[in-house]
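As numbered in the working numbering, residues 1172 to 1513 make up the sequence shown, in order.
First the structure, in the form of structure tokens, and then the observations on it.
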Amino acid sequence: MRAEVKTLWRFEDGWKGKGEGARLKGVSCEIKEGVTAVVGCSGAGKSSLLNVMVGFDKLDRGKVFCSEKCIGWVPQDGGLWRGMTVEGHVKAVLCQSGEVFCPGGAEDVVRVEKIGWDEVVRRWLVVFGLEGLEKRVVGRLSGGERARLSVVRALVMCSGVDGVGGTVVMDEPMVSVGRGDARRYWEVIRRWRVVTGGNVVFSTHFPELVIREADSIVCMDEGEVVFEGALEALYERPASERLGAFLGELNWFEVGEHEGVIGGVRPEQLMVEVAEDSGFGVVVGSERLGVIVETVVRLDHGAMKRLLHVGDVMKQGDRVEVNVMRRSRRTNRALDYCDDRK
């Protein structure tokens, strides 16, 4: 029997502000345990939602319920304490005794009183590239250093391994950190989750980060939640082109546009090949855009169709066919839909 997934936050008709200018407009959604990404364009309401979740702000109308007791908070500006040193930020939230998650050593779990505060702090700072900055105050740190310190503080705050866990909430974390470095830091976050049983909620503008790290997603647009649910459902079976675009580029096929293909198809799932018979249409233009190919096809009734796909650049004038791959298996079956909130 599958264990019931715990709800960490629940919003019921939550409003922040009034009328069309409200930052949150009747938000009703649940944030469950695991890793949840909150996505949307600038001004969509992501920060407002997270601010209410961590208690930094309050709803003007509606309700929010929170079952979490330990919350590590990483606001967009880092939220660091002015005048305090780097090591001071870590020591201020570190458990004084007991077993904690501590990366960078032979074992992930250590007893604070056995190895000492200074050693726990040192390991965290080394792993996040902050070694040598222990005595430096916040005002003398670069943007990337502040971003990393904010994440370290949040993780350390919820680093106990007493089975209680905790949730780290991050508003566009490490945007000023190089992507290669950020990927390594996310590996630490994943390990923190495994050891402590903790959860992560983060907002971002980067679909590739969501796809790599999250298992659930909340999509926001103009203060409203337009989708909540499993990441895989939105990636594989978006209910609309608008929703599918929250996770990056996709092809959208309307009913009757191509036999057996309906809905959203990601570029890596689409193959465009020279047709042996009637085919899908005639190539007007085709060029490589990084790892994918953009091909414009004139359909038989005269309309133009833009296709994003893997494989070869097509030749102008070729008649082509379209095939959809699902989990390394080429099919021509219709795609199921997941629910749309609107």
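From the three backbone atoms N, C-alpha and C, an ideal C-beta is built for every residue, glycine too.
Beta-carbon gap between residue i and residue j smaller than 8 Å
{"i": "Val1348", "j": "Gly1303", "result": "no"}
{"i": "Leu1405", "j": "Pro1378", "result": "no"}
{"i": "Glu1467", "j": "Cys1200", "result": "Residue identity differs from the one stated: residue 1467 is Val in this sequence, not Glu. Cβ distance not < 8 Å, so Val1467 and Cys1200 don't count as in contact."}
{"i": "Leu1479", "j": "Pro1438", "result": "yes"}
{"i": "Val1495", "j": "Phe1451", "result": "no"}
{"i": "Arg1364", "j": "Val1371", "result": "yes"}
{"i": "Thr1375", "j": "Gly1336", "result": "no"}
{"i": "Val1327", "j": "Leu1265", "result": "yes"}
{"i": "Arg1459", "j": "Val1484", "result": "yes"}
{"i": "Val1381", "j": "Ala1208", "result": "yes"}
{"i": "Val1283", "j": "Ser1268", "result": "yes"}
Outcome for residue i when other beta-carbon atoms lying within 10 angstroms are tallied against a minimum of 16
{"i": "His1472", "result": "exposed"}
{"i": "Thr1178", "result": "exposed"}
{"i": "Gly1369", "result": "buried"}
{"i": "Asp1248", "result": "exposed"}
{"i": "Ile1242", "result": "buried"}
{"i": "Trp1180", "result": "buried"}
{"i": "Val1426", "result": "exposed"}
{"i": "Arg1293", "result": "buried"}
{"i": "Phe1182", "result": "buried"}
{"i": "Ser1457", "result": "buried"}
{"i": "Phe1424", "result": "buried"}
{"i": "Ser1387", "result": "buried"}
{"i": "Gly1351", "result": "exposed"}
{"i": "Leu1470", "result": "exposed"}
{"i": "Ala1318", "result": "buried"}
{"i": "Arg1135", "result": "Absent from the structure is residue 1135, since the part of the chain shown begins at 1172 and ends at 1513."}
{"i": "Glu1430", "result": "exposed"}
{"i": "Arg1504", "result": "A caution first: Arg1504 carries a pLDDT of 31, below 50, which makes its placement in the model too unreliable to give a value."}
{"i": "Lys1285", "result": "exposed"}
{"i": "Gly1434", "result": "buried"}
{"i": "Cys1390", "result": "buried"}
{"i": "Leu1187", "result": "Before going on, a small fix: residue 1187 reads as Lys here, not Leu. When all chains shown are included, Lys1187 counts as buried."}
{"i": "Gly1236", "result": "Before going on, a small fix: residue 1236 reads as Phe here, not Gly. Its Cβ having fewer than 16 others within 10 Å, Phe1236 is exposed."}
{"i": "Glu1415", "result": "Note that residue 1415 corresponds to Gly in the displayed sequence, not to Glu. The residue in question, Gly1415, is buried, as its Cβ has 16 or more Cβ neighbours within 10 Å."}
{"i": "Glu1191", "result": "exposed"}
Given residue i as reference, the closest of the options once Cα atoms are compared
{"i": "Ala1385", "options": "Val1210, Asp1228, Val1264 and Ser1218", "result": "Val1210"}
{"i": "Val1323", "options": "Val1335, Lys1306, Asp1342 and Val1298", "result": "Val1298"}
{"i": "Ala1446", "options": "Gly1310, Cys1241 and Lys1486", "result": "Lys1486"}
{"i": "Glu1393", "options": "Ser1330, Lys1189 and Val1327", "result": "Lys1189"}
{"i": "Trp1325", "options": "Cys1390, Arg1469, Val1245 and Glu1270", "result": "The identity of residue 1325 in the sequence shown is Ala, whereas the question assumes Trp. Residue Val1245 is the option with its Cα nearest to Ala1325."}
{"i": "Thr1256", "options": "Val1176, Leu1320 and Ser1213", "result": "Leu1320"}
{"i": "Val1454", "options": "Val1443, Val1462 and Asp1448", "result": "Val1443"}
{"i": "Ile1202", "options": "Asp1184, Met1341 and Gly1400", "result": "Gly1400"}
{"i": "Leu1230", "options": "Gly1300, Asp1184 and Thr1375", "result": "Asp1184"}
{"i": "Gly1482", "options": "Pro1344, Gly1461 and Leu1470", "result": "Gly1461"}
{"i": "Val1359", "options": "Ser1330, Ile1382 and Ser1213", "result": "Ser1330"}
{"i": "Leu1441", "options": "Leu1195, Trp1288, Ser1411 and Arg1477", "result": "Arg1477"}
{"i": "Phe1227", "options": "Val1436, Asp1289, Val1340 and Pro1344", "result": "Val1340"}
{"i": "Gly1287", "options": "Val1176, Gly1488 and Val1271", "result": "Val1271"}
{"i": "Ala1474", "options": "Glu1428, Val1432, Gly1488 and Ser1238", "result": "Glu1428"}
{"i": "Pro1344", "options": "Phe1373, Val1332, Thr1338 and Asp1333", "result": "Phe1373"}
{"i": "Ala1215", "options": "Arg1232, Glu1204, Val1225 and Ala1193", "result": "Ala1193"}
{"i": "Ser1449", "options": "Pro1409, Arg1413 and Val1491", "result": "Val1491"}
{"i": "Ile1463", "options": "Val1432, Ala1416 and Leu1421", "result": "Leu1421"}
{"i": "Val1206", "options": "Gly1259, Trp1186, Trp1357 and Val1283", "result": "Trp1357"}
{"i": "Lys1196", "options": "Gly1233, Ser1213 and Phe1398", "result": "Gly1233"}
{"i": "Glu1258", "options": "Ser1238, Lys1240 and Asp1289", "result": "Asp1289"}
Below-8 Å beta-carbon distance, residue i vs any chain C residue
{"i": "Glu1358", "result": "No chain C appears in this structure, which consists of one protein chain only."}
Unbroken beta strand (DSSP E) runs of length 3 or more, entirely within the region 1224-1308: which are they? 1232-1237, 1242-1245, 1270-1272 and 1280-1282
Segment contact flag, the region 1246-1255 with the region 1276-1294, C-beta cutoff 8 Å, min 3 pairs: no
Mind listing, in chain order, the continuous beta strand (DSSP E) runs of no fewer than 3 residues lying wholly within the region 1364-1424? 1370-1375, 1387-1392 and 1395-1401
Can we say the region 1213-1230 touches the region 1259-1277, given the rule of at least three CB pairs closer than 8 Å? no
Restricting to runs no shorter than 4 residues, where is the alpha helix (DSSP H) found entirely within the region 1447-1477? none
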